[in-house]
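>
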Amino acid sequence: MASFKNLALLVTTIGLSFSLALKPTMAQGWSFGGLFGQEDSTRKTEPPPTISDQEAIVDPSRSVPDSRSEITLSFAPLVRKSAPAVVNVYAARAVPERLSPFAGDPFFGQFFGAPSQREPRIESSLGSGVIVDPSGLVVTNNHVIADADEVKIAFADGREFATTILLKDDDVDLAVLRIAESEEEFPSVDLADSDGLEIGDLVLAIGNPFGIGQTVTNGIVSALARTNLSPRDPGVFIQTDAAINPGNSGGALIDMQGRLVGVNTAIFSKSGGSNGIGFAIPSNLVASFVRAAKAGGEFNRPYVGAAFGRVTPDIANAVGLARPTGAIVHAISDGSPAEEAGLQEGDIVLEVGSIAISDPDALGYRLATAGIGTSTTLTVLRGEDRNTLTIALAGAPEDPPRDERILGGRNPFSGAKVWNMSPKVAEELDLPLETDGVVVADVARGSYAARFGLRPRDLIIAVNGNRVDTTSSIEGILSENWGGYDFEIERGGRRLVRRVR
Numbered sequence: 228m229a230s231f232k233n234l235a236l237l238v239t240t241i242g243l244s245f246s247l248a249l250k251p252t253m254a255q256g257w258s259f260g261g262l263f264g265q266e267d268s269t270r271k272t273e274p275p276p277t278i279s280d281q282e283a284i285v286d287p288s289r290s291v292p293d294s295r296s297e298i299t300l301s302f303a304p305l306v307r308k309s310a311p312a313v314v315n316v317y318a319a320r321a322v323p324e325r326l327s328p329f330a331g332d333p334f335f336g337q338f339f340g341a342p343s344q345r346e347p348r349i350e351s352s353l354g355s356g357v358i359v360d361p362s363g364l365v366v367t368n369n370h371v372i373a374d375a376d377e378v379k380i381a382f383a384d385g386r387e388f389a390t391t392i393l394l395k396d397d398d399v400d401l402a403v404l405r406i407a408e409s410e411e412e413f414p415s416v417d418l419a420d421s422d423g424l425e426i427g428d429l430v431l432a433i434g435n436p437f438g439i440g441q442t443v444t445n446g447i448v449s450a451l452a453r454t455n456l457s458p459r460d461p462g463v464f465i466q467t468d469a470a471i472n473p474g475n476s477g478g479a480l481i482d483m484q485g486r487l488v489g490v491n492t493a494i495f496s497k498s499g500g501s502n503g504i505g506f507a508i509p510s511n512l513v514a515s516f517v518r519a520a521k522a523g524g525e526f527n528r529p530y531v532g533a534a535f536g537r538v539t540p541d542i543a544n545a546v547g548l549a550r551p552t553g554a555i556v557h558a559i560s561d562g563s564p565a566e567e568a569g570l571q572e573g574d575i576v577l578e579v580g581s582i583a584i585s586d587p588d589a590l591g592y593r594l595a596t597a598g599i600g601t602s603t604t605l606t607v608l609r610g611e612d613r614n615t616l617t618i619a620l621a622g623a624p625e626d627p628p629r630d631e632r633i634l635g636g637r638n639p640f641s642g643a644k645v646w647n648m649s650p651k652v653a654e655e656l657d658l659p660l661e662t663d664g665v666v667v668a669d670v671a672r673g674s675y676a677a678r679f680g681l682r683p684r685d686l687i688i689a690v691n692g693n694r695v696d697t698t699s700s701i702e703g704i705l706s707e708n709w710g711g712y713d714f715e716i717e718r719g720g721r722r723l724v725r726r727v728r
C-alpha cells in the first residue's frame, strides 16, 4: 500500500509577492488582472498556435478510430478531438504577511521606526481542467482551487476566462467551475462509462505538467478500483502508467474514443515526478458530481446507516469465501435505509447492482455513483446463503439539528465552534455514523480552546462530571462559576481526560 508521504497531489504552487495597487499594464505577456497581478515579462510573447494552425498540418482524412485494431499510426485524431477541451487552471489567493510581534509597539518604534507597509504575498497554483459541457462547465481537482480567491482558465490557443466555483468537495477532491461572462459554445468531451474499462486498455493523459503548457502522454489502464492509497484519499481510483506529473491535477484521462474516463489526481512518487504510477478519479463519480453541480446543490453521499469493515482472510475462510472480498456489516442504525432493506449485522456485502466490491471503500464508491433518490440491489452473504436486497438511497438526515454554538467566556472551550452530532454531521466530519453527543467543528486560532489543545472532530463527553449531550447543555455547564475544569473528550476512538486549574 502506498504510504501517504509518497502520494503526491499533482498541483504546482508558486509563491509571489507584489502590490495589488493599480499600475499601468504592460503591453505584452499574459494578463490575468486582479490577484494575478501584472504580466510576467519573462514569458514568451509569441502566442501559441491556434487550433486552426495545428489542423492545417494534419491530414483531414484521418479520423478517430472505430475500433482498437485501427490504432496503427498515431493518436493524433484522438488528440485533435479531445485536447481543445483540456484547459490550464490558475488559482490565486492572497496570504497575509506575518508581522513581528513587536510591530506597532511604541517602545520598539523608538528604535526601529514605524513598521513598513509590506506588500501582500500571493500564492498561485497551476493545474489542469477539462470542459465537460459546451456551456462552459470545467471539472478539476478541489486541491487545485482550494481556498482560492480567484480562478481563471486558459485554453491552448491563448484565450483566457474568469470562472466561478459551482461546487467543490474535499473528500472526493473534485470541483466544478463555470466559465463566466461568455455565451459561446466551448469544446467539450463526453463522459464515458468508467465501469466499461478493462486492465490493459489504452488511454491518453492530457494536462499542464509543471505549467509548461498542454502535454499529451499515453499508457494503459494498469489497475482498476484501487483503494487505500492514503489516509487522505479513501476513494476508488483508476491506475495508469501514462506519464503524469505535477500540474496534471484535474487533467483528462481519455479513452480511444476520445471520451473522458477519469480525472487525473495523484501519483505515487518519492521524487515528485512520474514513476509510471498515476491515479485518476473514475468518470462515473465525476458524472455524479457534475449532476449535483448542475442541480445547484451539495454533493451528498447516500446514507446507508450501517458501519462496514473489511473482510479479513480469517473471516473469508470461516464463511467459505475463496478470497477476502466485500464489506462486513458491523452495526446498523435504527430506522436507517440499511435496516429497512433487511441488512443484518454479520452480513457480507459482495455486490452492488451486479458489480462485485472489494472492500468498504469500493462499496461507498458504488453507492455514491448510484446517487441519492435511487434504489439499488445488494448481494449479501448470510451464513451459507446469498440474498439480494433492495436499498433506497437517501441523504444523511440531520437529526438532531446541529444547533451551532461558538463558546465564549474564560474556560478551556472558549473559541470552539460546536455542533450536535447527527448522521449528516458524522458524514461531513468523517466520523462513525453511530456517533452522538457534541463535536468540535472548528477552533479559533489563538483562543483558549486552541491553547488547551482542543481540535476539530473532538467529541466532548463530559465537563466536571456533567454529561454533555447537546450544544445547549455545554453552554449551560460552562455558564456556572467553576474553580477549575476536568473534562473528557474522545479523539480518534481514544478517551482523553484534561484538567485545567
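Each position in the sequence shown, counted from 1, maps to that position plus 227 in our numbering.
Every residue, glycine too, gets a C-beta built ideally from N, C-alpha and C.
How long is the line joining the alpha carbons of V378 and N435, rounded to whole angstroms?
Roughly 16 Å separates the two Cα atoms.
> The beta strand (DSSP E) with R725 in it runs from where to where?
Start and end: R721 to V727.
> Please state the DSSP three-state secondary structure of T444.
Correct three-state label for T444: strand.
> Who are the near neighbours of R550 in its chain, counting only those whose CB is closer than 7 Å to its CB and skipping five residues on each side?
Answer for R550: A543, listed in chain order.
> Spell out the partners DSSP gives A558 in its beta bridges.
DSSP lists A534 as partners of A558.
> If I measure Cβ to Cβ from P624 and keep anything under 8 Å in the same chain, skipping five residues before and after, which residues do I get?
Once the five neighbours on either side are set aside, the close Cβ partners of P624 are Y530, S649, P650 and K651.
> Cutting at 7 Å between CB atoms, please list the residues of its own chain near E661, excluding the five before and the five after it.
A534, A558 and S560, listed in sequence order.
> Can you tell me the Cβ-Cβ gap for G478 and V313, rounded? I've got them flagged as a contact below 8 Å.
At roughly 6 Å, the Cβ-Cβ gap stays under 8 Å, so G478 and V313 are in contact.
> Just list the residues that DSSP pairs A671 with in beta bridges.
According to DSSP, A671 bridges with nothing at all.
> If we count the other Cβ atoms within 10 Å of its Cβ and call it buried at 16 or more, is R486 buried or exposed?
Looking at its Cβ environment, which holds 16 or more other Cβ atoms inside 10 Å, R486 is buried.
> Is L634 closer than 8 Å to A597 when the C-beta atoms are compared?
It is not a contact, given that the beta carbons lie outside the stated cut-off.
> Is the CB-CB distance between Q441 and A310 below 8 Å?
Cβ atoms of Q441 and A310: closer than 8 Å.
> Could you tell me the alpha carbon to alpha carbon distance between T603 and T617, rounded to whole angstroms?
Spanning the two alpha carbons is a distance of roughly 6 Å.
> What's the gap between the Cα of S706 and the Cα of D376?
Straight-line Cα distance between these residues: approximately 39 Å.
> With a threshold of 8 Å on Cβ separation, who are the neighbours of T552 within its own chain once the five nearest residues in sequence on each side are excluded?
Closer than 8 Å at Cβ, skipping near neighbours: V538, A543, L577, A583, I584, S585 and D586.
> Identify the continuous alpha helix (DSSP H) that holds I584 and give its terminal residues.
Taken as a continuous stretch (DSSP letters only), I584 belongs to no alpha helix (DSSP H), as it is neither H nor E.
> Which two residues bound the contiguous beta strand (DSSP E) that contains G505?
Here the beta strand (DSSP E) through G505 covers G505 to P509.
> Using only the alpha-carbon positions, how far apart do A565 and P659 sit?
Going from the Cα of A565 to the Cα of P659 covers about 15 Å.
> Taking the alpha-carbon positions, what's the G427 to D417 distance?
So the alpha carbons of these two residues sit roughly 21 Å apart.
> Around the C-beta of L723, are 16 or more other C-beta atoms found within 10 angstroms, so that it is buried, or is it exposed?
Answer is exposed; the Cβ neighbour count stays below 16.
> According to DSSP, is R307 helix, strand or coil?
The answer is helix: DSSP assigns R307 an H, G or I state.
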